[in-house]
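Residue numbers (numbering that gives the first Met the number 0), protein chains in the order written: chain A, 0 to 110; chain B, 0 to 110. Every residue, glycine too, gets a C-beta built ideally from N, C-alpha and C.
Protein chains: 2
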Amino acid sequence: MVQQEVLDRTFAALADATRRQILIRLGQGPATIGELAAPFDMSLTGMKKHVHVLENAGLVTTEKVGRSRQCRLGTERLEDAMSWIRFYQRLWERRLDGLDAYFTLTKEDDQ
Amino acid sequence: MVQQEVLDRTFAALADATRRQILIRLGQGPATIGELAAPFDMSLTGMKKHVHVLENAGLVTTEKVGRSRQCRLGTERLEDAMSWIRFYQRLWERRLDGLDAYFTLTKEDDQ
DNA sequence: CAATCATTGAACCATATGGTTCAATGAGTT
DNA sequence: AACTCATTGAACCATATGGTTCAATGATTG
Chain A
0 MVQQEVLDRT FAALADATRR QILIRLGQGP ATIGELAAPF DMSLTGMKKH VHVLENAGLV
60 TTEKVGRSRQ CRLGTERLED AMSWIRFYQR LWERRLDGLD AYFTLTKEDD Q
Chain B
0 MVQQEVLDRT FAALADATRR QILIRLGQGP ATIGELAAPF DMSLTGMKKH VHVLENAGLV
60 TTEKVGRSRQ CRLGTERLED AMSWIRFYQR LWERRLDGLD AYFTLTKEDD Q
């Protein structure tokens, strides 16, 4: 998967309040689909779709345990989004000299 | 606009490679819709829509100058997204004690 | 005034998103 | 085996997204 696609999926996954709350909930520890759905007025199917989006973005990993599915925070994939924003902020603050500057700040092959 | 909506729009605006490139381009200085569209194989109307999304997210401001429209980087609205990610990362790293922790890290009224 | 040039609005299109309901599957319990 | 429970797949729906084309507007130039 190209870097751009990683960023697309990561930012898109974060662009929903329900999903951001799911991430925060998972920060407390693993939870099943049912446990995740409980605080929201939402069907289990709906919750599972959100988890799937987060999983596709690499922000969450899941594993079937018995008849339920354990969801956990994924690896630190968010680092990609973080570093893009960090780059952009430097550009905003210092008005760096455009694209060239990006490559001095990161080792990625596409911005 | 509620904090959640700000985050929704900001992350959604960033979830598109074209728009991220527009931001980086505008880091070099102001540009018109036509200038922004030039490097992309895209209609002016299409480009204008992207600029509109960025404008709604507060990431870009525009102003009609003569017959063209000048686009500039907006105010540092990205700070909201940045601070959310920063919070989330601390949670991820330290496995903080859930939602309560959020309010110790920020002054926002909704996470 | 006429011509040109940059942007914009309207209408349209295909696909994605965020949600639902209902039925099916598969695991655990009795 | 029968029952229950959690998840899942399929189908559906409304709206949003990312793009287009074509015509209209409004400013600049000759």
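Assigned with DSSP and collapsed to three states, Ala-30 of chain A falls in strand. Under DSSP, the beta-bridge partners assigned to Thr-61 of chain B are B:Cys-70.
By the Cβ neighbour-count rule, His-51 of chain B is exposed, with fewer than 16 other Cβ atoms within 10 Å of its own.
Listed along chain A are Phe-10, Ala-11, Ala-14, each with a C-beta nearer than 8 Å to that of Ala-11 of chain B. Boundaries of the alpha helix (DSSP H) around Ala-12 of chain B: 2–13. At the C-beta level, Asp-15 of chain A and Asp-7 of chain B come within 8 Å of one another. For Met-46 of chain A, the uninterrupted alpha helix (DSSP H) segment begins and ends at 43–55.
By the neighbour-count criterion, in which 16 or more other beta carbons inside 10 Å mark a residue as buried, Arg-18 of chain A falls on the buried side. The Cβ-Cβ distance between Val-59 of chain A and Leu-72 of chain A falls below 8 Å.
Check the Cα spacing between Gln-88 of chain A and each of B:Ser-82, B:Phe-86, B:Arg-89: the tightest is with B:Ser-82.
DSSP, reduced to helix, strand and coil, places Ala-16 of chain A within a helical segment of the structure shown.
The C-alpha of Glu-78 of chain B is placed about 13 Å away from the C-alpha of Ala-80 of chain A. Separation of the CB atoms of Cys-70 of chain B and Ala-36 of chain B is rounded to 11 Å, and the pair is thereby denied contact status at 8 Å.
Excluding residues up to 5 positions away in sequence, Val-50, Glu-54, Arg-68, Gln-69, Cys-70 lie with their Cβ nearer than 7 Å to the Cβ of Thr-61 of chain B in the same chain. Within 7 Å of the CB of Leu-43 of chain B, no CB atom of chain A is found; the nearest one sits about 22 Å away.
Flagged as an interface residue toward chain B: Arg-19 of chain A, by a C-beta distance shorter than 8 Å. Going by beta carbons, Phe-39 of chain B and Phe-10 of chain A fall outside the 8 Å limit. When secondary structure is reduced to three states using DSSP, Ala-80 of chain A falls in the helix class. In this structure, the CA atom of Gly-28 of chain B is about 27 Å from the CA atom of Val-5 of chain A. Between the C-alpha atoms of Gln-2 of chain B and Met-46 of chain B there is a straight-line separation of about 27 Å. When Cβ-Cβ separations below 8 Å define contact, Gln-69 of chain B makes no contact with chain A. Residue contact with chain B for Leu-6 of chain A: present (Cβ-Cβ distance below 8 Å to some residue of chain B).
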